[in-house]
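So the structure is just underneath, and the comments pick up after that.
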Amino acid sequence: MIKRHHPRFNVRLRDDKSYLYFHIPQPQGPTGEELPATMAERLTAFPRPGFTRRLGADGGRYFGPYTDSKGIRRSVRELRAAVPFRGCADPVFRRGRVCLDYHIGICAGPCEGRISPAAHQLLLDDAAAFLSGHTGLVRARLEAAMGEASERLEFELAASLRDRVRAVEKLTEEQVTAPRLGADVDLIGLATTGGQGLG
């Protein structure tokens with residue numbers, strides 16, 4: 001709309017070349033429950049979401065534009081605590097062993113085969129839903145999976161899912177600010193000593 005009408009004083013988003021988008025690509029390789037046999041197939045089965053400054057016609061999902069690049073990078077880093085999708089670059093992924101992200105709980109470990117392509121795609125779908133504003137859907141899915149895991153007596157998995165639910169809650173909680181103390185505030189103090197009050 002800005003590009004079509006060229007509003008005179010709204011120049012902030014007129015030129016979108018420098019704004020950041022978050023891109024979730026579509027998997028190109030196998031997408032089932034089986035792990036791909038070769039590393040090349042794994043790279044295409046587990047696409048790496050990332051930031052870009054250009055929109056493409058690759059069938060992937062783009063979110064943005066974001067004017068605060070530091071803010072969206074921080075938000076996606078925090079989102080990975082709730083939805084641990086792949087974040088490592090291709091050279092790190094090709095090593096075939098889990099990286100630090102897996103050990104700190106922000107990656108599901110697709111490089112070492114700890115998650116199927118189908119399960120990783122669900123993580124990417126949850127990330128897309130979250131970025132689209134459907135945070136309740138993501139939370140409901142995690143809570144349902146947590147309940148199923150505890151019914152199957154898989155308590156470690158249930159605890160991990162509980163932590164992910166808490167991460168979603170942390171990302172979506174409302175900020176409450178204290179009222180600003182200024183000239184418009186009336187304060188009353190009361191002190192008591194020996195049954196007598198002083199005001």
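Here the UniProt record's numbering is used: position 28 in the sequence shown is 28, and no number is missing along the way.
No residue lacks a Cβ here, since even glycine has one placed at the ideal position from N, Cα and C.
The structure presented is a predicted model; accordingly, all values stated were derived computationally and were not measured.
What is the rounded straight-line gap between the Cα of residue i and the Cα of residue j?
i: CYS111; j: PRO30; result: 14 Å
i: THR67; j: ARG53; result: 11 Å
i: residue 209; j: ILE188; result: Nothing can be reported for residue 209: it is not among the residues displayed for the chain, which extend from 1 to 199.
i: ALA159; j: ARG4; result: 51 Å
i: GLY105; j: SER18; result: 32 Å
i: SER116; j: ALA40; result: 15 Å
i: GLY109; j: CYS99; result: 8 Å
i: GLN26; j: PHE51; result: 15 Å
i: LEU131; j: ARG114; result: 25 Å
i: ALA82; j: MET146; result: 13 Å
i: LEU137; j: ARG95; result: 35 Å
i: THR135; j: THR38; result: 35 Å
Let me confirm a value: residue i is counted as buried when at least 16 other C-beta atoms fall within 10 Å, else exposed. Which label applies?
i: LEU153; result: exposed
i: ALA191; result: exposed
i: GLY194; result: exposed
i: LEU161; result: buried
i: HIS103; result: exposed
i: ARG97; result: exposed
i: ARG164; result: buried
i: ARG80; result: buried
i: ALA167; result: buried
i: ALA57; result: exposed
i: HIS120; result: buried
i: residue 201; result: The chain is shown from 1 up to 199; residue 201 falls before or after that span and cannot be answered.
Under 8 Å by Cβ, that's how I've got residue i and residue j pegged, so tell me the actual separation to the nearest angstrom.
i: ALA149; j: LEU157; result: 4 Å
i: LEU124; j: ILE24; result: 5 Å
i: PRO49; j: PHE85; result: 6 Å
i: GLU33; j: ALA144; result: About 19 Å; that fails the 8 Å criterion.
i: ASP90; j: LEU43; result: 6 Å
i: GLY133; j: CYS107; result: Not really, about 24 Å apart at Cβ, beyond 8 Å.
Suppose the cutoff is 6 Å on Cβ atoms and the five residues either side in sequence are ignored; what does the same chain contact list for residue i look like?
i: PHE93; result: CYS111
i: SER69; result: LEU20
i: ARG61; result: ILE24 and ALA128
i: GLU173; result: none
With a threshold of 7 Å on Cβ separation, who are the neighbours of residue i within its own chain once the five nearest residues in sequence on each side are excluded?
i: ASP16; result: Any reading at ASP16 must be qualified, since the residue scores a pLDDT of 49, below 50, and its modelled position is unreliable; no value is offered.
Leaving out five residues before and five after residue i in sequence, what residues of the same chain have Cβ atoms less than 8 Å from its Cβ?
i: LEU55; result: TYR21 and TYR62
i: GLU169; result: ARG139
Sequence ranges, alpha helix (DSSP H) only - wholly within the segment 91-148, length at least 4: 100-103 and 117-131
Beta strand (DSSP E) runs contained entirely in the segment 46-91, provided each spans 3 or more residues: 50-52 and 61-66
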